[in-house]
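Presented below is the structure to which this report refers.
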Amino acid sequence: MAATVGTPASRQGELIRRAEDLFPGGVNSPVRAFRSVGRAPLMLEAGAGARVRDADGRWYVDYIGAWGPAILGHGHPDVIEAVRAAALNGFALGATSPAEVVLGEAIRAAVPSMEKLRFTSSGTEAAMSALRLARGATGRDLVVKFAGGYHGHSDGLLVEAGSGLATLALPGSAGVPAQVASATVVVPINDLDGVRSAFERHPDRIAAVIVEPVAANVGVIAPAPGFLDGLRELASANGALLIFDEVITGFRVAHGGAQARYGVRPDLTVLGKIVGGGMPVGAYGGRRDLMANVAPDGPVYQAGTLSGHPLTMAAGAATLALLDEAAYERLEAAGAALETGLRNAAAEAGRTVGIARVGSLLTVFFRDEIPTTADEAMTSDRAAYARFFGAMLDAGILLPPSQFEAWFLSLAHDPATIEETVTAAGEAFRA
Ligand SMILES: *Cc1c(COP(=O)(O)O)cnc(C)c1O
């Protein structure tokens, strides 16, 4: 039970102590430390369907979903079999493998704007490389991003807004040179005027606008009507490229990603997470004339020893093969059922929350309404979220350990699992 989680007497507690001696914060990616919810971190060692098991043998209904990739649920037999078969052929061989062609064609069939693409080993690399390409292709240096938009941890993208609209950014991390950060212009999400003013203030200097078409790293913030179309027009009118970072939304909010759901065609797209089926992955691609700039065809250098890894390609292809139209209908239904159930549970508990949802991505914001910008999201009651998180964890439901991370549903979240979650929430909203 929860009383033993992280206590020294438990196996999990002992492993966490050893991890804390090895890794900063005991983790290899910061949010896993559970700091923002004030709980001992979990050590997870197995997943099956909608559930994960900690190192003390306790199972939880899982809404972290590996931070996005686990759209089929954990350990789908088809994916396991594909990876097993690929592994028997000896892992990476240092040349292009048939599996890269298979997954590349599957991605392009779903996301036709990616006329050519390149696989990387992480979303960070793919976003960073897409920007290098945008700069190389346009001969311009500046990039517009949105406050609260996350595009991996490369220097130029790890920036926060300065005060006011369309200011040149300040570093969002120690160790990012001010000069690098100042090549990024930060604008609030959903603020087309801010983008327009950025183009006015920096004429002929902006290479690209990069956006999460559904923001999902400050909690879920859907694009306001006309926002993505407006970005398309402004980028084209000013000779800049439009880059959709669909690392989360790709194969998540629709088979063809947010660009299919909202009907806007970007020049370049960044993918990750789901397309690797749970293995390390990233990909970037887009217009054929732009991709012609990438080495060895062109002067923009980008490489990766393990890019297009056969095990990743096998897991990704097996995953995409199961994501048909019916799958997205089921994900939508599961998301809607969870949203409605949580809304009712909150109302019965006398708790006001804003529930934001796009398909199978959902955030319960502990504030009066759903936010439309990162600044609004930041006014959420984090202490209340931490109490809710803790009560849900004690009831066997694992939520993302931060108010500002999306809940990820999977095809394994069946109606009974959603019901179990909603019942637990009825109590947890009173915590
Ligand atoms: C996760 C994420 C990334 C970074 O991907 P990594 O594989 O963690 O490097 C980039 N963009 C978005 C939108 C993401 O959610």
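Mapping to the numbering used here: the sequence shown position 189 is 190, numbers consecutive.
We put the beta carbon where it would ideally sit given N, CA and C, even for glycine.
So, do the stretch 400 to 418 and the stretch 362 to 380 have three or more beta carbon pairs nearer to each other than 8 Å? Enough Cβ pairs lie closer than 8 Å, so yes.
I'd like to know whether the C-beta atoms of GLY149 and ALA375 end up nearer to each other than 7 Å. yes
Looking at GLY69: is its Cβ nearer than 7 Å to the Cβ of ILE249? yes
Can you tell me whether DSSP reads ARG197 as helix, strand or coil? helix
GLY124: beta carbon under 6 Å from a heavy atom of ligand 1? At least one heavy atom of ligand 1 is nearer than 6 Å to the Cβ of GLY124, so yes.
Through-space distance from ALA347 to MET314, alpha-carbon basis: 42 Å
Nearest by alpha-carbon distance to GLY220: which of SER174, LYS117, GLY355, GLN404 is it? Of the listed residues, the one whose Cα sits closest to GLY220 is GLN404.
Taking Cβ positions, are ALA49 and PRO311 nearer each other than 7 Å? no
Say the cut is 6 Å; is the CB of VAL248 nearer than that to a heavy atom of ligand 1? yes
By the three-class DSSP mapping on this structure, what secondary structure does ALA47 have? strand
Can you grab the Cα-Cα spacing for the pair GLY342 / ARG388, in whole Å? 19 Å
Looking only at DSSP bridge pairs, what is PRO172 linked to? VAL160
So what does TRP60 bridge to, in DSSP terms? Per DSSP, ARG54.
Taking C-alpha atoms, which residue in VAL144, LEU134, LYS117 lies nearest to TYR302? LEU134
Consider the C-beta atom of GLU406 and the heavy atoms of ligand 1; say whether any pair is separated by less than 6 Å. no
Classify ASP1 as buried or exposed, calling it buried when 16 or more other Cβ atoms lie within 10 Å of its own Cβ. The requested residue 1 does not occur in the structure, where the chain is confined to residues 2 to 432.
Taking 6 Å as the cut-off, is the CB of TYR151 close to at least one heavy atom of ligand 3? As presented, the structure is devoid of ligand 3, carrying ligand 1 as its sole ligands.
Any heavy atom of ligand 1 closer than 6 Å to the beta-carbon of ALA375? No.
Is the distance from the Cβ of ASN191 to the Cβ of ALA238 below 7 Å? no
Cβ neighbours of ASP369 in the same chain (closer than 8 Å, five flanking residues each side left out): THR353, GLY355
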